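Below is one structure; the comments refer to it alone.
There are 2 protein chains.
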Amino acid sequence: MEDNLSTFFSYVNDNNQYLINTLREAVAIPSVSADITKRSEVFRMADWVKDRFIKLGADVKLVDPGTQELQGQTVQLPPVVLSRYGNDSNKKNILIYCHYDVQPALLSDGWETDPFDLVENEDGRLVGRGASDDKGHVVGWLLTLEAFIKHGIDLPVNLIFCFEGMEESGSVGLEKVVAAEANGWLKGMDYTIISDSSWANATNPSIEFGLRGMNYFSINVKGPKADLHSGGFGGMVQEPMVVVTKLLADLVGIDGKINIPGIYDQVMELTEEEEKTYHGLSLTKESLLNFLKGDYLMDKDIVQLLMQKGRYPSLSVHGIEGAFYDPGAKTVIPASVKGKFSIRTVPNMKPETVKKITIDHIQKEFAKLNSRCRLEVQELNNGMWWYAPPNLPINVAAAKAMKRVYGTEPEYVRGGGSVPITIVFQEQLKTDILLLPMGTREDRAHSTNEKLDKYNFINGIKNYFAFLYEISIF
Amino acid sequence: MEDNLSTFFSYVNDNNQYLINTLREAVAIPSVSADITKRSEVFRMADWVKDRFIKLGADVKLVDPGTQELQGQTVQLPPVVLSRYGNDSNKKNILIYCHYDVQPALLSDGWETDPFDLVENEDGRLVGRGASDDKGHVVGWLLTLEAFIKHGIDLPVNLIFCFEGMEESGSVGLEKVVAAEANGWLKGMDYTIISDSSWANATNPSIEFGLRGMNYFSINVKGPKADLHSGGFGGMVQEPMVVVTKLLADLVGIDGKINIPGIYDQVMELTEEEEKTYHGLSLTKESLLNFLKGDYLMDKDIVQLLMQKGRYPSLSVHGIEGAFYDPGAKTVIPASVKGKFSIRTVPNMKPETVKKITIDHIQKEFAKLNSRCRLEVQELNNGMWWYAPPNLPINVAAAKAMKRVYGTEPEYVRGGGSVPITIVFQEQLKTDILLLPMGTREDRAHSTNEKLDKYNFINGIKNYFAFLYEISIF
């Protein structure tokens, strides 16, 4: 193991330019899944991935997830590329998830260089669309497998790949494919690696051991059949906006405390072990204040703040549909409005319980108002939280690999957001899951001038090698 | 007087087609003041009016109000057409206000016929843009003056006209012109007639003896420098939307009661005489329910409803700028939002007092919230209410005229909306003011298929004659 890692690390160090050039090849294919005019490029990218796997001698299967409606047309979904290298029943089966599609990017959006021509800057930035999200990962894994084969070194695990082409457009079709292959190509997986994330800060490797779920609601309040003029009707009619602002205002305190009875009942108790993980993290209150350009934080203590974001539920009010929203003054009484809010959920809150107690609460509060408007509380969507305790083998193995490569222990963090694909794999394959990061949160994923630092690309590949060995011996 | 009226009424009865054809001529000029491509048509309409006055031997002066910025260009404002017929110091000086511009109208908006080609329907509707608002009035007054001259009958009053071409676009420039002419062409007016309104219902003539004013506010709540993702920041930052919904929710009850201390202190006391005017009006609760398509009314009693609309202040919440407003779900924490609401004001509320107590109240409530967001309460605009007691000579004269023409007493109503030009004339000329209606509230002014009933056009002209005699002998 040590010898092999030494060989690989030297190879990676000596072949930076080759690795970067391969990434450049991948970035050059504008595989934008959201743009109907680029759909053929997404398919071209799938072929590029498939051809690489075939050249390496891996088994490959392209699964067609069917069609979708896009910009008024029915179009074919890009394939989920499944691949397997190694079938040794004495080795662990490691599933690697990446996506080969990217967010849209136009020079006119404010890119300093052609977004689909990877530029290596003197400061070490590799700038191009998808460099960090997620082609660095896609290419990293292909190059990792290639290195094993080039050096004639036996893999310590069986590698199974699942690369999709629709992640930036809601992973349409993925769940169906994973479910269908759960007893096929994806049968018997020991671990699932989601290779589509970044360090939680710019300077330290990190392991996310949790993500929040979400229930998204719409409070629909209906009144008169059409908008009214406040001159002609103000004072005569009950106004849906008055009802909806009262209902929204009642949901959460200024301090972030949610007023829905029972909402905190299912929250996992804080253990001393978990509490420790929030101390000494590199994310400081100062960096947050600098980012926000002012002190709009809930609490003064960074530990409390991180827990409020990562391990406790939160409620955000997003806006109102159907009301006046333009600049200036308009004397309208909106006839029908929808107040939008969502609750980020954490272990062990059940989505169906959250839905029930939230709708019940709002209906009760509405009844107290004695309004003649009509109420409907709708759940627009919900997604499950995800949690993987720091002491899971998969997390410990990743931490050991990171220590080897970066010379430092990773930080353990719980993310506040949601990664729906994580839940897809959790529910379909029932394996432990690792979110294995490559770049950093400052890579401007989804934005202009997206980059991946050369340091993170090169060391990210070393980390793949190290992780495969560490998990193989666990 | 009786002989003259009899002559005029016969003339009107015998010349329906001529009167309607003249209205058709006026409607055919698409004098849309909001549309830069139609600005020359507004000028053409001013010339059409001017030429008519000149042909009748009236003095005419076109006043240039200057320029405006419209759709990115500096354009000339259409003239205010001033005209005078008669200068007898023994007669009263009656000022007539109308506007010769119209709202936009396109066949594609849903018109059944060309909006600028007046169509006379079998059911008695004269359909065309501006028929009711306000070319029926413009043409009606020109035809009234013409009839005096045709019949060689001396006018019982001196008539002064002020016809503007920007009413549908905020009356830009009018106030300046009226102020400048207050000691010129508009000096010594005894009464001002705003000839730009409709009956308060479809079946009965009415006299509006009051209008509400308005103070329009924006509650600006600022937080972080940019919108945030609720996954990454929900629970960590204080949300401006939470603050603004709490502040808006607190302003008014479901029952319409305004929670701003002192807001009712200046409301004029209800006299027995005024209370009577709200009884027995033709507007019924049933017609309101039918219009609203459901019972969203504040109170069960039509008298209370009419008073809440006409003689008491009301507060409407219009919407929120800066928040999410599209259909669907977006997980944004808006960084900076503006909650819009307005208060309709009534005698004897002072706009500056309303402004002060409202801003004070919101600032106090905000202080209680203990939020770290920043608050600014802005008054976007305000306008004064208007009130003219039913027993004013000008109202009594109008009622007598209506009784003659329509065979019934008019209903006295207080309007809930605002007519800013009324306040312009009140403040600049200090005369009593009459809103003299021609069409009905069902004429679809500003909407598709605007119409003026032939009945209302023909009798509206008779009513002009009758009113001039009635006010002359008062």
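From first to last, the protein sequence lines are chains A and B.
Residue numbers for the first sequence, in full-length UniProt numbering: 1 to 474.
Residue numbers for the second sequence, in full-length UniProt numbering: 1 to 474.
Ideal placement from N, C-alpha and C gives every residue a C-beta, glycine not left out.
Please read all numbers here as calculations on a predicted model, not as lab measurements.
Pairing Gly184(A) with Leu77(A) gives a Cβ-Cβ distance that is not under 8 Å. Under the 10 Å beta carbon count, Phe291(B) is surrounded by fewer than 16 other beta carbons and is classified as exposed. Excluding its 5 nearest sequence neighbours in each direction, Ile258(A) has C-beta neighbours in its own chain below 6 Å: Val252 and Leu315, listed in chain order. In this structure the segment 325-343 of chain B touches the segment 218-226 of chain B; the number of beta carbon pairs closer than 8 Å is three or more.
Boundaries of the alpha helix (DSSP H) around Tyr464(A): Lys454 to Ser472.
At a cut-off of 8 Å, the C-beta of Gln238(A) has a neighbouring C-beta in chain B. Per DSSP, the continuous alpha helix (DSSP H) segment holding Trp141(B) begins and ends at Gly136 to Lys150. Counting only Cβ-Cβ distances below 8 Å, Pro334(A) has contacts in chain B at His318 and Gly319, in chain order. The secondary-structure analysis by DSSP pairs Phe161(A) across a beta bridge with Ser83(A) and Ile96(A).
Using beta-carbon distances, Phe324(A) counts as an interface residue toward chain B, with a partner under 8 Å.
The beta carbons of Gly235(B) and Ile320(A) sit no closer together than 8 Å.
For Gln238(B), the secondary structure class from DSSP, reduced to helix, strand or coil, is coil. For Val252(A), the closest Cβ of chain B is nearer than 8 Å. Distance from the CA atom of Ser197(B) to the CA atom of Pro437(B), rounded to whole angstroms, is 5 Å. Two segments are said to touch when three or more pairs of C-beta atoms, one from each, lie closer than 8 Å; by this definition the segment 175-194 of chain B does not touch the segment 110-120 of chain B. From the beta-carbon of Leu369(A), the residues of chain B found nearer than 7 Å are Ile254. Taking C-beta separations shorter than 8 Å and ignoring five residues to either side along the sequence, the partners of Ala28(B) in its chain run Phe116, Asp117 and Leu118, following chain order. CA-to-CA, the gap between Leu248(A) and Ile343(A) works out to about 13 Å. Residue contact with chain B for Asp295(A): present (Cβ-Cβ distance below 8 Å to some residue of chain B). Classified as buried, Asn463(B) has 16 or more neighbouring CB atoms from the shown chains inside 10 Å of its CB. The shortest C-alpha to C-alpha distance from Pro389(A) to any of Glu41(A), Phe209(A) and Asp360(A) is the one to Phe209(A). Separation of the CB atoms of Gly416(A) and Lys350(A) is rounded to 19 Å, and the pair is thereby denied contact status at 8 Å. Asp51(B) sits in a helix when the DSSP states are folded into three classes. Non-local C-beta neighbours of Lys330(B) in its own chain, meaning closer than 6 Å and more than five positions away in sequence, comprise Phe324, ordered along the chain. By the rule that beta-carbons nearer than 8 Å mark a contact, Tyr312(B) touches chain A.
Annotated three-state conformation of Val252(B) is strand, per DSSP.
One alpha carbon belongs to Lys403(A), the other to Ala397(A), and they sit about 10 Å apart.
For Tyr216(A), the residues of chain B that pass the 8 Å Cβ criterion are Ala329 and Thr331, in the order they occur in the chain. Think of a sphere of 9 Å around the beta carbon of His229(B): the chain A residues whose beta carbon falls inside it are Gly416 and Gly417, in chain order.
Under DSSP, Leu126(B) forms a beta bridge with Glu120(B) and Leu452(B). Around the beta carbon of Gly128(A), 16 or more other beta carbons lie within 10 angstroms, which makes this residue buried.
In terms of Cα proximity to Ala401(B), the closest of Ala466(B), Val424(B), Phe425(B) and Gln428(B) is Ala466(B). Residues of chain B with a Cβ closer than 7 Å to the Cβ of Gln308(A) are, in chain order, Gly235 and Met236.
Counting only the Cα atoms, Gln68(A) lies some 14 Å from Thr37(A). When Cβ-Cβ separations below 8 Å define contact, Met402(B) makes no contact with chain A.
When C-alpha distances from Ser33(A) are compared across Pro104(A), Ile433(A) and Glu273(A), the shortest belongs to Pro104(A).
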